[in-house]
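Trainee: After the structure tokens below, expect a handful of questions from me.
Protein chains: 2
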Amino acid sequence: MTGSHPGPPAGGLRTTGVQDGPAGAGVAPGTQVAVTVVGRTSGDGTGGTGTSSTGRRERKKTATRAAIRDAAMRLAVRHGVENVTLEQVAAEADIALRTFFNYFSSKEEAVVAGAAGDFLAFVAEFRARPRGESVLQALREAALAVLDRAVTDDRDHLAALLVIRSERSLVPQLLAALAAQEDVLADAIAARLEPAAAASVYPRLCATTALAGMRIALDRWLAGAADTGAVPSFAVLRSELDAVLGELAAGLDRPGTPG
Amino acid sequence: MTGSHPGPPAGGLRTTGVQDGPAGAGVAPGTQVAVTVVGRTSGDGTGGTGTSSTGRRERKKTATRAAIRDAAMRLAVRHGVENVTLEQVAAEADIALRTFFNYFSSKEEAVVAGAAGDFLAFVAEFRARPRGESVLQALREAALAVLDRAVTDDRDHLAALLVIRSERSLVPQLLAALAAQEDVLADAIAARLEPAAAASVYPRLCATTALAGMRIALDRWLAGAADTGAVPSFAVLRSELDAVLGELAAGLDRPGTPG
DNA sequence: CCTCATGGTGCACGACGTGCATCTGTGCAC
DNA sequence: GTGCACAGATGCACGTCGTGCACCATGAGG
Numbered sequence: 035m036t037g038s039h040p041g042p043p044a045g046g047l048r049t050t051g052v053q054d055g056p057a058g059a060g061v062a063p064g065t066q067v068a069v070t071v072v073g074r075t076s077g078d079g080t081g082g083t084g085t086s087s088t089g090r091r092e093r094k095k096t097a098t099r100a101a102i103r104d105a106a107m108r109l110a111v112r113h114g115v116e117n118v119t120l121e122q123v124a125a126e127a128d129i130a131l132r133t134f135f136n137y138f139s140s141k142e143e144a145v146v147a148g149a150a151g152d153f154l155a156f157v158a159e160f161r162a163r164p165r166g167e168s169v170l171q172a173l174r175e176a177a178l179a180v181l182d183r184a185v186t187d188d189r190d191h192l193a194a195l196l197v198i199r200s201e202r203s204l205v206p207q208l209l210a211a212l213a214a215q216e217d218v219l220a221d222a223i224a225a226r227l228e229p230a231a232a233a234s235v236y237p238r239l240c241a242t243t244a245l246a247g248m249r250i251a252l253d254r255w256l257a258g259a260a261d262t263g264a265v266p267s268f269a270v271l272r273s274e275l276d277a278v279l280g281e282l283a284a285g286l287d288r289p290g291t292p293g
Numbered sequence: 035m036t037g038s039h040p041g042p043p044a045g046g047l048r049t050t051g052v053q054d055g056p057a058g059a060g061v062a063p064g065t066q067v068a069v070t071v072v073g074r075t076s077g078d079g080t081g082g083t084g085t086s087s088t089g090r091r092e093r094k095k096t097a098t099r100a101a102i103r104d105a106a107m108r109l110a111v112r113h114g115v116e117n118v119t120l121e122q123v124a125a126e127a128d129i130a131l132r133t134f135f136n137y138f139s140s141k142e143e144a145v146v147a148g149a150a151g152d153f154l155a156f157v158a159e160f161r162a163r164p165r166g167e168s169v170l171q172a173l174r175e176a177a178l179a180v181l182d183r184a185v186t187d188d189r190d191h192l193a194a195l196l197v198i199r200s201e202r203s204l205v206p207q208l209l210a211a212l213a214a215q216e217d218v219l220a221d222a223i224a225a226r227l228e229p230a231a232a233a234s235v236y237p238r239l240c241a242t243t244a245l246a247g248m249r250i251a252l253d254r255w256l257a258g259a260a261d262t263g264a265v266p267s268f269a270v271l272r273s274e275l276d277a278v279l280g281e282l283a284a285g286l287d288r289p290g291t292p293g
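Chains Y and D, in that order, are what the protein sequence lines are.
Residues in the first sequence are numbered consecutively from 35, following the numbering used here.
Residues in the second sequence are numbered consecutively from 35, following the numbering used here.
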């Protein structure tokens, strides 16, 4: 249910001064965004808006897509991505091999599709944030909302992330999925700014950096998960994210050693 | 060589206050780094140190590797990556098809290998920067040195970059090559800092962000090249880079609209 | 000159990915 | 309800990719 977790003092960003949005920086109570993750539409994969069903046809398609994605992930978790053939995936999803390619163009794409959906949801969530929040603040809240949902709603989701993280052959595909959202997020960021700022490098840079930051925070969190075996707390993930965003807000330069 | 170009007032970063390195922030005159790009060693591809020839064997290997890389790039430029088969590449490089896989594991990897080498050189260059420079300052100078060499020394290099930029199927491979350098660069950055800072997220974040920033600056520059057709000036590239680094130094947050 | 190690090559084979023709079920108009 | 038009699923064929294995050729070292 997208519960916003209790957790430690929601410190927000230690933004060193730039931002000074309205007091309680948390989510405005009525602003539940919801996003409906399910979407992923169909053919194009760019993330069209038509989530609502035109009818049974659309529903079946999204169901098939989800079935393939889940089958691919399930098999990848069990046997390792490299050791799974598309034929097996097709069998597991109960479709013809040929049909697989109507939905995904490669095994890797199917396995990563879940995570790619999260990025999509992240951007959507960001768009829905109240305009009073600073850019990084809104990015933070959007990220937390998506990650919260991803980690709590679905236990398999965590296993999926761990597989993606550990399997080397998935890295390119994952990064590509991430990069695919850069432009969309950049537009969303630009929409929050005055024309002057919107026309600069800033939106693009901020979008790319924010997505990279999420990747890093998540990676470090998952690294902890991989080490200890136990599922780390959501609070840890939040602090990782805040650390990253704090650095980005404060500026990345560091003086050299005078000597 | 590696002439440092005349160009407009080498303004360095407008770092808003954090950094305050020694006066003339430019390259210390005697500190030519040199890096010897040629390297790329051989098998592992991780960038081992043994550039020097153990003998004819090593030399032949690097020559073969370069021949394959150049052949792949040449054909990709001429016919488009998708329309080139490995058989053609092998023929162009005058090797057996089977031999191709002794050097690269895919067509895309071969085409991108040139750019990947640049990233490697970038990290090496950064390591060699004087410790007096701030982190972003050193990153800037390293980037300029590599880009300068890449753009001026070799006219084909620019064509290569344009192909990589335009071909969608190369994106994942390119990003993967970039990501492969993140950890190395992060270590190099950490080596410049006190233990406390070195142990934080900062090095990793800064490394990832810097590489992403280079990608963005280069992308925008190449976009200009693609539009106008003409080869844009190196000064433009430098200003793109400075804009990016300036933003990163100043911090990425932007206040929300109060209303 | 002999021997060893390393890299190049040919071969076989399974997996990947796509174009094309066909079949089936849905959406829709009547 | 009936029938038409089309989107999507499937089967088939074909070319490319990528790898394991065995063998040959050449440089390194004695």
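Quick reminder that beta carbons are idealized off the backbone N, C-alpha and C, glycines included.
Just so we're clear, the structure is a prediction, and the values are computed from it rather than from any experiment.
At what residues does the alpha helix (DSSP H) containing D276 of chain D begin and finish?
Mentor: The sequence position of residue 276 of chain D within the second sequence is 242, counting from 1. Run containing D276 of chain D: 268-284, per the alpha helix (DSSP H) assignment.
Trainee: With the cut-off set at 9 Å, would you say L239 of chain Y and E281 of chain D are in Cβ contact?
Mentor: The residue given as residue 239 of chain Y occupies position 205 in the first sequence. The residue given as residue 281 of chain D occupies position 247 in the second sequence. Cβ atoms of L239 of chain Y and E281 of chain D: closer than 9 Å.
Trainee: Let me know the secondary structure DSSP gives D287 of chain Y once reduced to three states.
Mentor: Indexing the first sequence from 1 puts residue 287 of chain Y at position 253. Three-state result, D287 of chain Y: coil.
Trainee: If you drop the 5 nearest sequence neighbours on each side, which residues of the same chain put their C-beta closer than 8 Å to that of P292 of chain D?
Mentor: Translated into positions along the second sequence, residue 292 of chain D becomes position 258. Contacts found: none.
Trainee: Out of curiosity, what's the CA-to-CA distance linking L219 of chain D and A130 of chain Y?
Mentor: Counted from its first residue, the second sequence places residue 219 of chain D at position 185. Counted from its first residue, the first sequence places residue 130 of chain Y at position 96. Going by the C-alpha atoms only, they are around 45 Å apart.
Trainee: Between the C-alpha atoms of L286 of chain D and L170 of chain Y, what's the straight-line distance to the nearest angstrom?
Mentor: Here residue 286 of chain D corresponds to residue number 252 of the second sequence, with the count starting at 1. Here residue 170 of chain Y corresponds to residue number 136 of the first sequence, with the count starting at 1. Approximately 7 Å, taken between the alpha carbons.
Trainee: Does any CB atom of chain D fall closer than 9 Å to the CB of A114 of chain Y?
Mentor: Here residue 114 of chain Y is taken as the residue at index 80 of the first sequence, counted from 1. Looking at the sequence shown, residue 114 of chain Y is not Ala but Gly. No, its Cβ sits nowhere closer than 9 Å to a Cβ of chain D.
Trainee: Could you spell out where the alpha helix (DSSP H) holding F160 of chain Y opens and where it closes?
Mentor: Locating residue 160 of chain Y in the first sequence gives position 126, where the first residue counts as 1. Note, F160 of chain Y: alpha helix (DSSP H), 141-162.
Trainee: The alpha helix (DSSP H) that contains F134 of chain Y, what's its start and end?
Mentor: For the purposes of this step, residue 134 of chain Y is taken as the residue at position 100 of the first sequence. Counting along the chain, the alpha helix (DSSP H) containing F134 of chain Y begins and ends at 131-137.
Trainee: Could you check whether Q207 of chain D and E142 of chain D sit closer than 9 Å to each other, using their CB atoms as the reference points?
Mentor: As a working note, residue 142 of chain D is residue 108 in the second sequence. As a working note, residue 207 of chain D is residue 173 in the second sequence. Going by C-beta atoms, E142 of chain D is nearer than 9 Å to Q207 of chain D.
Trainee: Beta-carbon within less than 6 Å of A127 of chain Y's beta-carbon, same chain only, minus the 5 sequence neighbours each way: which residues are those?
Mentor: As a position in the first sequence, residue 127 of chain Y is number 93, starting the count at 1. Hits under 6 Å: A101, I102, A105.
Trainee: In chain Y, which residues lie less than 9 Å from A231 of chain D when you measure between Cβ atoms?
Mentor: By one-based count along the second sequence, residue 231 of chain D stands at place 197. Residues of chain Y passing the Cβ test: R288.
Trainee: Mapping DSSP to helix, strand and coil, what is P40 of chain Y?
Mentor: As a working note, residue 40 of chain Y is residue 6 in the first sequence. Any answer about P40 of chain Y is weak, because its pLDDT of 49 lies below 50 and its placement is not dependable; what the coordinates show is given next. P40 of chain Y falls in the coil class under three-state DSSP.
Trainee: Taking just the CA atoms, how far does R288 of chain Y sit from R161 of chain D?
Mentor: The residue given as residue 161 of chain D occupies position 127 in the second sequence. The residue given as residue 288 of chain Y occupies position 254 in the first sequence. Taking the straight line joining both Cα atoms gives about 15 Å.
Trainee: What span of residues does the alpha helix (DSSP H) with S168 of chain Y cover, start to end?
Mentor: By 1-based counting over the first sequence, the position of residue 168 of chain Y is 134. No alpha helix (DSSP H) holds S168 of chain Y; DSSP gives it neither H nor E.
Trainee: Would you please state the rounded distance, in angstroms, between the beta carbons of V123 of chain Y and A211 of chain Y? I believe it to be under 8 Å.
Mentor: Here residue 123 of chain Y refers to the residue found at position 89 when the first sequence is read from its first residue. Here residue 211 of chain Y refers to the residue found at position 177 when the first sequence is read from its first residue. About 18 Å separates the two Cβ atoms, so there is no contact after all.
Trainee: Jot down the residue ranges of each uninterrupted alpha helix (DSSP H) in the segment 202-241 of chain Y, minimum 4 residues, whole runs only, in chain order.
Mentor: Whole alpha helix (DSSP H) segments, 4+ residues: 205-224, 229-232.
Trainee: Measure the alpha-carbon distance for G258 of chain Y versus E274 of chain Y and round it to whole angstroms.
Mentor: Within the first sequence, numbered from 1, the residue matching residue 258 of chain Y stands at position 224. Within the first sequence, numbered from 1, the residue matching residue 274 of chain Y stands at position 240. Cα to Cα, G258 of chain Y sits roughly 11 Å from E274 of chain Y.
Trainee: What first and last residue would you give for the alpha helix (DSSP H) that runs through T96 of chain D?
Mentor: Here the question's residue 96 of chain D lines up with position 62 in the second sequence. Counting along the chain, the alpha helix (DSSP H) containing T96 of chain D begins and ends at 90-113.
Trainee: So, is the C-beta of Q66 of chain Y closer than 9 Å to a C-beta in chain D?
Mentor: As a working mapping, residue 66 of chain Y is identified with position 32 in the first sequence. Its pLDDT being 35, under 50, Q66 of chain Y is placed unreliably by the model, and the measurement read from it follows with that caveat. Output row for Q66 of chain Y: interface = no.
Trainee: My output table needs one value for G247 of chain Y: the three-state DSSP class, helix, strand or coil.
Mentor: In the first sequence, counting from the first residue as 1, residue 247 of chain Y sits at position 213. Correct three-state label for G247 of chain Y: helix.
Trainee: Which residues in chain D sit within 7 Å of P206 of chain Y, going by Cβ to Cβ distance?
Mentor: As a position in the first sequence, residue 206 of chain Y is number 172, starting the count at 1. What P206 of chain Y touches in chain D: P206, Q207, L209, A210.
Trainee: Which one of Y:R202, Y:A158, Y:G151 has the shortest CA to CA distance from H191 of chain Y?
Mentor: To locate residue 191 of chain Y, count along the first sequence from 1; it is residue 157. The shortest Cα separation from H191 of chain Y among Y:R202, Y:A158, Y:G151 belongs to Y:G151.
Trainee: In this structure, how does DSSP classify G263 of chain D when only helix, strand and coil are distinguished?
Mentor: Residue 263 of chain D sits at position 229 when you count from the first residue of the second sequence. Looking at G263 of chain D - three-state DSSP - the assignment turns out to be coil, as it is neither helix nor strand.
Trainee: Between L181 of chain D and L256 of chain D, which are expected to be in contact by the criterion C-beta below 8 Å, what is the C-beta distance as a whole number of angstroms?
Mentor: In the second sequence, residue 181 of chain D corresponds to position 147, counting from 1. In the second sequence, residue 256 of chain D corresponds to position 222, counting from 1. That belief does not hold up - the Cβ atoms of L181 of chain D and L256 of chain D are roughly 11 Å apart, past 8 Å.
Trainee: Who are the near neighbours of R254 of chain Y in its chain, counting only those whose CB is closer than 8 Å to its CB and skipping five residues on each side?
Mentor: By one-based count along the first sequence, residue 254 of chain Y stands at place 220. Correct list, in chain order: E274.
Trainee: Can you tell me which of Y:A222, Y:E121, Y:R202, Y:V115 puts its alpha carbon nearest to the alpha carbon of A155 of chain Y?
Mentor: Locating residue 155 of chain Y in the first sequence gives position 121, counting from the first residue. Checked all of Y:A222, Y:E121, Y:R202, Y:V115; the closest Cα to A155 of chain Y is Y:A222.
Trainee: Assuming A149 of chain D and R163 of chain D form a contact by the criterion Cβ under 8 Å, report the distance between their Cβ atoms to the nearest whole angstrom.
Mentor: If you number the second sequence from 1, residue 149 of chain D lands on position 115. If you number the second sequence from 1, residue 163 of chain D lands on position 129. So it is not a contact: roughly 21 Å between Cβ atoms.
Trainee: Quick one, which of Y:L209, Y:R99, Y:H113, Y:V115 has its alpha-carbon nearest T133 of chain Y's?
Mentor: Looking up residue 133 of chain Y in the first sequence gives position 99. With distances taken between Cα atoms, T133 of chain Y lies closest to Y:R99.
Trainee: Buried or exposed for V265 of chain Y, please, with buried defined as at least 16 other CB atoms from any protein chain shown within 10 angstroms of its CB.
Mentor: Position 231 of the first sequence, counted from the start, is the residue given in the question as residue 265 of chain Y. Exposed, because fewer than 16 other Cβ atoms sit within 10 Å of the Cβ of V265 of chain Y.
Trainee: In whole angstroms, what separates the C-alpha of P63 of chain Y from that of V157 of chain Y?
Mentor: On the first sequence, residue 63 of chain Y is found 29 positions in, with the first residue counted as 1. On the first sequence, residue 157 of chain Y is found 123 positions in, with the first residue counted as 1. Only weak support exists for where P63 of chain Y lies, its pLDDT of 37 falling under 50; the value from the coordinates is given anyway. If I take the Cα positions, the gap works out to 20 Å.
Trainee: Does L226 of chain Y come within less than 9 Å of chain D when only Cβ atoms are used?
Mentor: Looking up residue 226 of chain Y in the first sequence gives position 192. According to the sequence displayed, residue 226 of chain Y carries Arg and not Leu. It does: the Cβ of R226 of chain Y has a partner Cβ on chain D nearer than 9 Å.
Trainee: Using a beta-carbon distance cut-off of less than 7 Å, what residues from the segment 147-162 of chain Y approach chain D?
Mentor: Those would be none; no residue qualifies.
Trainee: Rounded to a whole number of angstroms, what is the C-alpha to C-alpha distance between A125 of chain Y and I198 of chain Y?
Mentor: The count along the first sequence starts at 1 and reaches residue 125 of chain Y at position 91. The count along the first sequence starts at 1 and reaches residue 198 of chain Y at position 164. Using only the alpha carbons, I get a separation of about 22 Å.
Trainee: Along chain D, in chain order, which residues have C-beta atoms closer than 7 Å to that of E281 of chain Y?
Mentor: In the first sequence, the residue the question calls residue 281 of chain Y occupies position 247. Within chain D, the residues near E281 of chain Y are V235, Y236, L239.
Trainee: Report yes or no: is there a C-beta of chain D within less than 9 Å of the C-beta of S267 of chain Y?
Mentor: Walking along the first sequence from the start, residue 267 of chain Y turns up at place 233. No, no contact with chain D.
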